[in-house]
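Here is the structure we will look at.
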Amino acid sequence: MNHHREFRSFFETMIRGHGIDIEEISSIQKAYERNVRFVDKVLTNREKERFSQLSGKRKFEYLAGRWAAKEAFSKAWGTGLVTRQLSFQDLEILNNQMGAPIFTQSPFEGTIWVSISHAGNLVTASVILEEKDEKKSTQTNEGGN
Numbered sequence: 055m056n057h058h059r060e061f062r063s064f065f066e067t068m069i070r071g072h073g074i075d076i077e078e079i080s081s082i083q084k085a086y087e088r089n090v091r092f093v094d095k096v097l098t099n100r101e102k103e104r105f106s107q108l109s110g111k112r113k114f115e116y117l118a119g120r121w122a123a124k125e126a127f128s129k130a131w132g133t134g135l136v137t138r139q140l141s142f143q144d145l146e147i148l149n150n151q152m153g154a155p156i157f158t159q160s161p162f163e164g165t166i167w168v169s170i171s172h173a174g175n176l177v178t179a180s181v182i183l184e185e186k187d188e189k190k191s192t193q194t195n196e197g198g199n
């Protein structure tokens, strides 16, 4: 086993994109109150299951957080949302066993890092798209050692 090669392969990734979004939770709540079908546009069926289990402020933090994370993804992806290339329904964010948000559905095949934070009336999300650097990987594998 060549530990040197394994160590190098750990660093053979590159950032494809980084997106950040910030939203007012009250604005998302008002959009929902004007038209409850707003949630059908933003959330997938599995996300709606979780949304329906929440109440009060937490319900709208969740909705605004998913909105912000999907917007951040679209910025990292470089397309924006509600285009021919990408819609809210193409993206799904659920929580892992520890409660952290993770993308369970997206058009991106690499690793997706997501962070969602709430403070007062604001929610912010950051998304980093990371993919294997095929050029670097090929050079490493052909380079020996």
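Residue numbers (the numbering used here): 55 to 199. C-beta atoms are modelled at their ideal positions from N, C-alpha and C, and glycine is treated no differently.
At the level of alpha carbons, what is the spacing between residue i and residue j?
i: S109; j: R70; result: 36 Å
i: H57; j: Q107; result: Its pLDDT being 48, under 50, H57 is placed unreliably by the model, and the measurement read from it follows with that caveat. Rounded to the nearest angstrom, the two C-alpha atoms are 48 Å apart.
i: N150; j: F157; result: 10 Å
i: E185; j: T165; result: 6 Å
i: E78; j: T67; result: 34 Å
i: F127; j: L97; result: 14 Å
i: R120; j: R88; result: 19 Å
i: G153; j: R138; result: 32 Å
i: K102; j: S160; result: 17 Å
i: D94; j: Q143; result: 9 Å
i: L208; j: R100; result: Lying outside 55 to 199, the shown extent of the chain, residue 208 is not represented and no answer is given.
i: F90; j: D187; result: It should be pointed out that residue 90 corresponds to Val in this sequence rather than to Phe. Roughly 43 Å separates the two Cα atoms.
CB of residue i to nearest heavy atom of the ligand PLP: below 6 Å?
i: E78; result: Looking at this structure, you won't find the ligand PLP or any other ligand, since it has none at all.
Once you ignore the five residues that flank residue i on each side, which residues in its own chain have a CB closer than 6 Å to its CB?
i: F162; result: L183
i: H72; result: A130, I182
i: A179; result: D75, A122, A123, A126, I170
i: A118; result: E77, I79, I82, V177
i: H172; result: E115
i: I175; result: The question names Ile, but residue 175 in the sequence shown is Asn. Excluding residues within five positions, the ones whose Cβ falls inside 6 Å are E78, I79, S80.
Leaving aside the five residues before and after residue i along the sequence, list all residues of the same chain whose C-beta is less than 7 Å from its C-beta, in chain order.
i: F92; result: A85, Y86
i: G132; result: G71
i: T192; result: Any reading at T192 must be qualified, since the residue scores a pLDDT of 48, below 50, and its modelled position is unreliable; the value itself is stated next. If we look at T192 and ignore the five residues flanking it on each side, it has no Cβ neighbours.
i: S141; result: L135
i: P155; result: A123, I147, N149, V168, I170
Can you name, in chain order, every residue of its own chain whose Cβ lies under 8 Å from the Cβ of residue i, other than the five neighbours on each side?
i: Y116; result: R104, F105, L108
i: K113; result: F105
Tell me the DSSP bridge mates of residue i?
i: I74; result: S180
i: A24; result: Outside the modelled stretch of the chain, which goes from 55 to 199, sits residue 24, for which no answer is possible.
i: T67; result: K186
What are the complete alpha helix (DSSP H) segments, minimum 4 residues, inside the stretch 88 to 131?
DSSP runs (the alpha helix (DSSP H)) wholly in the stretch 88 to 131: 92 to 96, 99 to 107, 110 to 131.
Extract the residue ranges of the beta strand (DSSP E) inside the stretch 140 to 174, only unbroken runs of 3 or more that lie entirely within it.
List check, beta strand (DSSP E) in window: 146 to 149, 155 to 159, 165 to 173.
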